Amino acid sequence: MSEPILSYADALEAYEPVIGLEVHVELNTASKMFCGCSTEFGAAPNTHTCPVCLGLPGSMPAINAKAVESAIRMGLALNCSIAEWCRMARKNYFYPDMPKDYQTSQYDEPIAHDGHLDVELSDGEVFRVEIERAHMEEDAGKLTHLGGETGRLHGADYSLLDYNRAGVPLIEIVTRPITGAGARAPEVARRYVETIRDLMRALGVSDVRMNEGSLRCDANVSLRPWGREKLGTRTETKNINSFRSIEGAVTYEIQRQAAVLQDGGTVEQCTRNWLEHLGETSFGRSKEEAEDYRYFPEPDLVPIAPSREWVEELRATLPEHPTRRRNRLQAAWDFSDLEMRDVVNADALDLVEQTVTAGATAQAARKWWTTELARRANEAGVALDEVGISPAQVAAVQALVDAGTINDKLARQVYDGVLAGEGEPAEVVADRGLAVVSDDGALGAAVDAAIAANPDVAERIRGGRVQAAGALIGAVMKEMRGQADAARVREIILERLG
Amino acid sequence: MDASTLITTSAADLAGAIATGEVSSVEVTRAHLDRIAAVDGAVHAFLSVDEEGALAQAAAVDARIAAGERPGPLAGVPLALKDVLAQKGVPTTAGSKILEGWRPPYNATVTQRLLDAGVVILGKTNMDEFAMGSSTENSAYGPTHNPWDFTRVPGGSGGGSAAALAAFEAPLAIGTDTGGSIRQPAAFTGTVGVKPTYGGISRFGQIALASSLDQPGPCGRTVLDTALLHEVIAGHDPKDQTSLDAPVPPVVAAARAGDVRGLRVGVVTELGGEGYAPEVEANFRATVDLLAELGAEVVEVSCPTFEYALAAYYLILPSEASSNLARFDAMRYGLRVGDDGTRSTEQVMALSREAGFGAEVKRRIIIGTYALSAGYRDAYYGSAQKVRTLVQQDFTAAFARADVLVSPTTPTAAFRLGERLDDPMAMYLNDLCTIPTNLAGNAAGSFPTGLTGDGLPIGFHVMAPHRADDRLYRVGAALERALTDRWGGPLLNRVPGPATTTEVTR
Amino acid sequence: MALSQDEVARLAQLARIDLSPAELAHLAPQLDVILEAVARVTDVATDDVAPTSHPVPMTNVFRADEVHDSLPVDEVLAMAPDREDDRFRVPRILGEEQ
Numbered sequence: 016m017s018e019p020i021l022s023y024a025d026a027l028e029a030y031e032p033v034i035g036l037e038v039h040v041e042l043n044t045a046s047k048m049f050c051g052c053s054t055e056f057g058a059a060p061n062t063h064t065c066p067v068c069l070g071l072p073g074s075m076p077a078i079n080a081k082a083v084e085s086a087i088r089m090g091l092a093l094n095c096s097i098a099e100w101c102r103m104a105r106k107n108y109f110y111p112d113m114p115k116d117y118q119t120s121q122y123d124e125p126i127a128h129d130g131h132l133d134v135e136l137s138d139g140e141v142f143r144v145e146i147e148r149a150h151m152e153e154d155a156g157k158l159t160h161l162g163g164e165t166g167r168l169h170g171a172d173y174s175l176l177d178y179n180r181a182g183v184p185l186i187e188i189v190t191r192p193i194t195g196a197g198a199r200a201p202e203v204a205r206r207y208v209e210t211i212r213d214l215m216r217a218l219g220v221s222d223v224r225m226n227e228g229s230l231r232c233d234a235n236v237s238l239r240p241w242g243r244e245k246l247g248t249r250t251e252t253k254n255i256n257s258f259r260s261i262e263g264a265v266t267y268e269i270q271r272q273a274a275v276l277q278d279g280g281t282v283e284q285c286t287r288n289w290l291e292h293l294g295e296t297s298f299g300r301s302k303e304e305a306e307d308y309r310y311f312p313e314p315d316l317v318p319i320a321p322s323r324e325w326v327e328e329l330r331a332t333l334p335e336h337p338t339r340r341r342n343r344l345q346a347a348w349d350f351s352d353l354e355m356r357d358v359v360n361a362d363a364l365d366l367v368e369q370t371v372t373a374g375a376t377a378q379a380a381r382k383w384w385t386t387e388l389a390r391r392a393n394e395a396g397v398a399l400d401e402v403g404i405s406p407a408q409v410a411a412v413q414a415l416v417d418a419g420t421i422n423d424k425l426a427r428q429v430y431d432g433v434l435a436g437e438g439e440p441a442e443v444v445a446d447r448g449l450a451v452v453s454d455d456g457a458l459g460a461a462v463d464a465a466i467a468a469n470p471d472v473a474e475r476i477r478g479g480r481v482q483a484a485g486a487l488i489g490a491v492m493k494e495m496r497g498q499a500d501a502a503r504v505r506e507i508i509l510e511r512l513g
Numbered sequence: 003m004d005a006s007t008l009i010t011t012s013a014a015d016l017a018g019a020i021a022t023g024e025v026s027s028v029e030v031t032r033a034h035l036d037r038i039a040a041v042d043g044a045v046h047a048f049l050s051v052d053e054e055g056a057l058a059q060a061a062a063v064d065a066r067i068a069a070g071e072r073p074g075p076l077a078g079v080p081l082a083l084k085d086v087l088a089q090k091g092v093p094t095t096a097g098s099k100i101l102e103g104w105r106p107p108y109n110a111t112v113t114q115r116l117l118d119a120g121v122v123i124l125g126k127t128n129m130d131e132f133a134m135g136s137s138t139e140n141s142a143y144g145p146t147h148n149p150w151d152f153t154r155v156p157g158g159s160g161g162g163s164a165a166a167l168a169a170f171e172a173p174l175a176i177g178t179d180t181g182g183s184i185r186q187p188a189a190f191t192g193t194v195g196v197k198p199t200y201g202g203i204s205r206f207g208q209i210a211l212a213s214s215l216d217q218p219g220p221c222g223r224t225v226l227d228t229a230l231l232h233e234v235i236a237g238h239d240p241k242d243q244t245s246l247d248a249p250v251p252p253v254v255a256a257a258r259a260g261d262v263r264g265l266r267v268g269v270v271t272e273l274g275g276e277g278y279a280p281e282v283e284a285n286f287r288a289t290v291d292l293l294a295e296l297g298a299e300v301v302e303v304s305c306p307t308f309e310y311a312l313a314a315y316y317l318i319l320p321s322e323a324s325s326n327l328a329r330f331d332a333m334r335y336g337l338r339v340g341d342d343g344t345r346s347t348e349q350v351m352a353l354s355r356e357a358g359f360g361a362e363v364k365r366r367i368i369i370g371t372y373a374l375s376a377g378y379r380d381a382y383y384g385s386a387q388k389v390r391t392l393v394q395q396d397f398t399a400a401f402a403r404a405d406v407l408v409s410p411t412t413p414t415a416a417f418r419l420g421e422r423l424d425d426p427m428a429m430y431l432n433d434l435c436t437i438p439t440n441l442a443g444n445a446a447g448s449f450p451t452g453l454t455g456d457g458l459p460i461g462f463h464v465m466a467p468h469r470a471d472d473r474l475y476r477v478g479a480a481l482e483r484a485l486t487d488r489w490g491g492p493l494l495n496r497v498p499g500p501a502t503t504t505e506v507t508r
Numbered sequence: 249m250a251l252s253q254d255e256v257a258r259l260a261q262l263a264r265i266d267l268s269p270a271e272l273a274h275l276a277p278q279l280d281v282i283l284e285a286v287a288r289v290t291d292v293a294t295d296d297v298a299p300t301s302h303p304v305p306m307t308n309v310f311r312a313d314e315v316h317d318s319l320p321v322d323e324v325l326a327m328a329p330d331r332e333d334d335r336f337r338v339p340r341i342l343g344e345e346q
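Same order as they appear, the protein sequences are chains A, B and C.
According to my numbering, the first sequence is numbered sequentially starting from 16.
According to my numbering, the second sequence is numbered sequentially starting from 3.
According to my numbering, the third sequence is numbered sequentially starting from 249.
#1: I need the boundaries of the alpha helix (DSSP H) containing MET327 (chain C), first residue and last residue.
#2: In the DSSP assignment, find the unbroken beta strand (DSSP E) run with HIS128 (chain A) in it and report its ends.
#3: Which same chain residues, not among the five before or five after THR503 (chain B), have their C-beta less than 6 Å away from its C-beta?
#4: Please report the residue range of the beta strand (DSSP E) in which LYS126 (chain B) lies.
#5: What separation, rounded to the nearest whole angstrom, lies between the Cα atoms of ASP352 (chain A) and TRP384 (chain A)?
#6: If you check the beta carbons only, do GLU124 (chain A) and ALA98 (chain A) fall under 8 Å apart?
#7: Alpha carbon to alpha carbon, how far is THR398 (chain B) from GLY384 (chain B)? Give it in angstroms, no decimals.
#8: With DSSP collapsed to three states, give me the class of LEU265 (chain B).
#9: In chain order, what residues of the stretch 51–82 of chain A put their CB closer than 9 Å to some CB of chain B?
#10: How is TRP289 (chain A) classed by DSSP in three states: helix, strand or coil?
#11: Run through DSSP, which three-state label would TYR383 (chain B) get?
#12: How would you write the range of the alpha helix (DSSP H) that MET89 (chain A) sits in, first residue to last?
#13: Shorter than 7 Å, the distance from the beta carbon of ALA142 (chain B) to the closest heavy atom of the ligand PLP, or not?
#14: Decide if the stretch 298–309 of chain C is in contact with the stretch 190–205 of chain B; the criterion is three or more beta carbon pairs, one per stretch, under 8 Å apart.
#15: From which residue to which residue does the alpha helix (DSSP H) around GLY358 (chain B) run?
#16: Is the Cβ-Cβ distance between VAL389 (chain B) and THR307 (chain B) less than 8 Å?
#17: Count the other CB atoms within 10 Å of the CB of GLU424 (chain A); is the residue buried (16 or more) or exposed (fewer)?
#18: Have a look at VAL119 (chain B) and GLY78 (chain B) and give me their C-alpha separation to the nearest angstrom.
#19: For GLU283 (chain A), which of helix, strand or coil comes out of DSSP?
#20: By the three-class DSSP mapping on this structure, what secondary structure does ASP239 (chain B) have?
#21: With a 10 Å radius around its C-beta and 16 neighbouring C-beta atoms as the bar for buried, classify HIS160 (chain A) as buried or exposed.
#22: Any idea what DSSP makes of VAL506 (chain B), helix, strand or coil?
#23: Taking Cβ-Cβ distances shorter than 9 Å, what residues in chain B pair up with LYS115 (chain A)?
#24: How should VAL253 (chain B) be labelled, buried or exposed, when 16 other C-beta atoms within 10 angstroms of its C-beta is the threshold for buried?
#25: Counting C-beta neighbours from all protein chains within 10 Å, is the total for PHE298 (chain A) 16 or more, i.e. buried, or is it exposed?
#26: Please confirm whether ALA392 (chain A) and ALA411 (chain A) have their CB atoms less than 8 Å apart.
#27: So which residues on chain B does ALA328 (chain C) lean against when the C-beta distance must stay under 8 Å?
#28: Does PRO66 (chain A) come out as helix, strand or coil in the three-state DSSP assignment?
#29: List the residues that DSSP assigns as beta-bridge partners of PHE48 (chain B).
So, in structure tokens, the structure goes:
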């Protein structure tokens, strides 16, 4: 049962969207936040657990130095101030995936606070997102719901628990309310999370893959009449598993809340779940009554007081700022602003860079990633870096084109073959017999056949209408299933018909 | 050495005899197991006895000595372990029904250090449920009886450990102290009990009550035994990030020397007077005079905020405990009630906790939940933490004028079973003298200094600055030497009923 | 500063303890007495006093990011009230993750 929505244009005419984003980054430390269990993904259930992460009676946490270091570096990269003294805190609530029935997190003393992230939009406009805080916390175990509908919580008969993930380090990044984005709010949301992804990758602190859960995003949306200062009631949307979904969820919530308000109703303060297959959010849980987490400082862990020297040491390890990197690459590749923006908008920057490293020219890399491969990714509904072709393979394909072995059109079939698991590009060319024929004998024979089959066209060419050669080239290419060197075919035609 | 001698010999002397081969650890252990079998039906100090495990540990020590290894200072000596500490594969209940049958898959650091040192763990001792109490009457498994008078409590929460010592069931015991749970039972049973400086002994594997107040600690019948035990279990533990990364204070040397000449002893004005039994006050004054005779310099100090310590404690403890006990939710271990296929997880959690927790535990969890809840947190929990700062400041000022501070350990001697059960506040008043040191985190101990007219032990409470635990043993040893001399023998010789004269049947 | 039975019931819910009506009736006045006694902390807890959360002043105690052996899965589940294969089994959950 879908809820009513207003058109986006109508929604934006009446109301200004205000958004807030909570992003969780799962750190790639070897061991967990508070114990030495491995964080490696995919282990058999409950094989990476110990008294500490199981919260057994008597167990005590021991904080991971690398997690603290990563938190500081992330805070610095987000232009935050790093706390001179802070503590961990207990967030108390009961839920079966939490072994201690409290989460060791941070409350009013986050390790990093008051930062910002400049986000580049598709037309090059830069939008600054203010960041309230970034703090350290631990992940919960994994619940599987059984007996009811497929895997959904509601209606399940019972649940099973795997605590391998319990205790894995997380950094939560919280924005201040994002105002002033107007109709571009959904795009700002998506680009913000993508930029965080870029930053975390550059820092080397996380795999940051939304589809694997190492990068998570909850989106808060509220509306207010244009010109009003007071913020409206916000909803929090969860279960967002891709960058596209961020944009979709924010857009939908704007439209849905606008319909509620337009109808004279009030927006209910609640959590919502994003349903990817429907492109809608559904009601999750009411949040009318604020949860009482009874925060207090974690007595089992002593305060963390990063010295200013240590902070500066870590600042020196920060990677190049994304904007500076983009400018540097644009200059190195000699791309126009438009070409660069195409690459960024297609989320292909890293891929182009890697393809260039593998030997292709920047223009060739750009060509493939922003057209052919982007199209395939869209059709398959996956992110560009999940399309199944590696930068090295793209460079190999281009090399084959440069060598004249294949042409751009045949390259598509090569990509098909690689995706079908037939092997590397050169293997696919060989196995499928895709190599462009450049043997003059074969070509000559095909040309003769085409001339014979199209005497009028041949006459016109003899008569000096060189452009008409195109039709004959087409016929030869068709005959040779595209595997002819078009330029050479043209030469031969003109030789024959003088 | 015959069995009755073995059970009354000090741990230090037993260790010596075992090391020279005069007696085997197995013999010593056997004698104590027999003693437990003979008297624990009446005393009920133990919740579980690990006969097989203990004899195996003892045999292993004997084998190592026979192989020529030099044993540690307490190798082969038996010990009673408070059931709040995890021992792998052995029932660990914390005195609660909610953990009935739970066998931990790991050892507490204290347990491991004992085992590594060759100490033989006889069994787990009774305690107030989750260490909440001052009489051991809150145990879900029935109370422990004071060996000095079976109609009276042995104190709490560590009544089992203290009673085991006084009943000669073990020469050594481990307790934990959050507001006096080692020291008050020591006073009630005529034994020695020390709460080390906070962080001095690892809490890893100790089922937590109030994390910022808890400390495991050594208990014994003599000051030297207690000091030897202290050195075995103390020291930095990377698994407990609140543990002190510093050398263990020289407690054994202090216990051997026991010299208080020139020591400045501060009598705390606020810890005494109204509400304190006259005999307790009299014994306290006499003991202070004795210290002066032995060469100490006595001064009066005032710690005015100590008056608020009890209130702060009974806010901080429930707050932290309400969080520490949340994990007992019937999901991963422990009692599960009501899971009949129709109920939700939330309901099963609530039913299990209702069935598994006793009245005092529920009381404190509710108070703690309240004290931390939105709107009340600053006034209750926040204020209590400020009182803590003030108590620390009072201690600092006092320790500028005295090397140790002293008080009676408790306002009264052991009370009768059932006497204070219906009045929580009356029960809480037991901890008046002991609580300030838990709030401030410094070291304190109780030493037996006499009996009331009714023949009930009285304890003398000594407090030392952070990391100066050795001063406790200095004072305790001096008193012990002088008093034993005066009494013509240890105080515990006067425990009524079977002690030195028992025929222990095999 | 009276704690009504309703408030006690709400706190019990927050603490996941299913108190009986008899217990609620018995507990409320007891809690009242205790809370009155402890409320005196506010007398001396003035603004100029900083709260103490850790009794011994220490900072920056960290553990190196090294992997250590986990518990064998049988030991992990040995004390489980209910299990299915190698996972803990719990009844149906009403509420949602936070």
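Ideal Cβ positions, reconstructed from N, Cα and C, are used throughout, including at glycine.
In this text, all values refer to a predicted model and were calculated from it rather than measured experimentally.
So, from the data block:
#1: In the third sequence, counting from the first residue as 1, residue 327 (chain C) sits at position 79. Element bounds for MET327 (chain C): n/a, residue is neither H nor E.
#2: Translated into positions along the first sequence, residue 128 (chain A) becomes position 113. From DSSP, the beta strand (DSSP E) with HIS128 (chain A) extends over 127–135.
#3: The count along the second sequence starts at 1 and reaches residue 503 (chain B) at position 501. Legend: pLDDT at THR503 (chain B) = 32, less than 50; position of this residue unreliable, value from coordinates given subsequently. Taken in chain order, the list of residues that qualify is empty.
#4: Taking the first residue of the second sequence as 1, we reach residue 126 (chain B) at position 124. From DSSP, the beta strand (DSSP E) with LYS126 (chain B) extends over 122–127.
#5: Taking the first sequence and counting its residues from 1, the one referred to as residue 352 (chain A) is at position 337. Taking the first sequence and counting its residues from 1, the one referred to as residue 384 (chain A) is at position 369. Whole-angstrom Cα-Cα distance: 17 Å.
#6: Here residue 124 (chain A) refers to the residue found at position 109 of the first sequence. Here residue 98 (chain A) refers to the residue found at position 83 of the first sequence. Yes, these two residues count as a Cβ contact at 8 Å.
#7: Here residue 384 (chain B) is taken as the residue at index 382 of the second sequence, counted from 1. Here residue 398 (chain B) is taken as the residue at index 396 of the second sequence, counted from 1. So the two alpha carbons sit approximately 22 Å from each other.
#8: Position 263 of the second sequence, counted from the start, is the residue given in the question as residue 265 (chain B). In this structure, LEU265 (chain B) counts as coil in the three-state DSSP scheme.
#9: CYS65, PRO66, VAL67, LEU69, GLY70, LEU71, PRO72, GLY73, SER74, MET75, PRO76, ALA77, ILE78
#10: The sequence position of residue 289 (chain A) within the first sequence is 274, counting from 1. Three-state DSSP puts TRP289 (chain A) in a strand.
#11: On the second sequence, residue 383 (chain B) is found 381 positions in, with the first residue counted as 1. DSSP places TYR383 (chain B) in helix when its eight states are reduced to three.
#12: Here residue 89 (chain A) refers to the residue found at position 74 of the first sequence. Unbroken alpha helix (DSSP H) run through MET89 (chain A): 80–92.
#13: Absent from the structure shown: the ligand PLP. Ligands present: none.
#14: yes
#15: Position 356 of the second sequence, counted from the first residue, corresponds to residue 358 (chain B). From DSSP, the alpha helix (DSSP H) with GLY358 (chain B) extends over 347–358.
#16: Start at 1 with the first residue of the second sequence, and residue 389 (chain B) comes out as number 387. Start at 1 with the first residue of the second sequence, and residue 307 (chain B) comes out as number 305. Yes, Cβ-Cβ distance for VAL389 (chain B) and THR307 (chain B) is below 8 Å.
#17: By one-based count along the first sequence, residue 424 (chain A) stands at place 409. A small correction: the amino acid at residue 424 (chain A) is Lys; Glu does not occupy that position in the sequence shown. Exposed: under 16 other Cβ atoms inside 10 Å.
#18: Translated into positions along the second sequence, residue 119 (chain B) becomes position 117. Translated into positions along the second sequence, residue 78 (chain B) becomes position 76. The identity of residue 119 (chain B) in the sequence shown is Ala, whereas the question assumes Val. Between ALA119 (chain B) and GLY78 (chain B), the C-alpha separation is close to 9 Å.
#19: Within the first sequence, residue 283 (chain A) is the residue found at index 268, counting from 1. Three-state DSSP puts GLU283 (chain A) in coil, outside helix and strand.
#20: Locating residue 239 (chain B) in the second sequence gives position 237, counting from the first residue. Note: ASP239 (chain B) maps to coil in three-state DSSP.
#21: Here residue 160 (chain A) corresponds to residue number 145 of the first sequence, with the count starting at 1. Counting Cβ neighbours within 10 Å, HIS160 (chain A) comes out buried, since at least 16 surround it.
#22: Reading the second sequence from its first residue, position 504 is the one you call residue 506 (chain B). Here VAL506 (chain B) scores only 32 on pLDDT, less than 50, and its place in the model should not be relied on; the value that follows carries that caveat. It is coil, neither helix nor strand.
#23: If you number the first sequence from 1, residue 115 (chain A) lands on position 100. Those are SER325, ASN326, ALA328, ARG329, listed as they occur along chain B.
#24: On the second sequence, residue 253 (chain B) is found 251 positions in, with the first residue counted as 1. With 16 or more other Cβ atoms within 10 Å, it is buried.
#25: Here residue 298 (chain A) refers to the residue found at position 283 when the first sequence is read from its first residue. Exposed.
#26: Taking the first residue of the first sequence as 1, we reach residue 392 (chain A) at position 377. Taking the first residue of the first sequence as 1, we reach residue 411 (chain A) at position 396. No.
#27: By one-based count along the third sequence, residue 328 (chain C) stands at place 80. ARG334, TYR335, listed in chain order.
#28: Translated into positions along the first sequence, residue 66 (chain A) becomes position 51. For PRO66 (chain A), the three-state secondary structure derived from DSSP is coil.
#29: The residue labelled residue 48 (chain B) in the question sits at position 46 within the second sequence. According to DSSP, which records beta bridges pairwise, PHE48 (chain B) is partnered with B:THR127.
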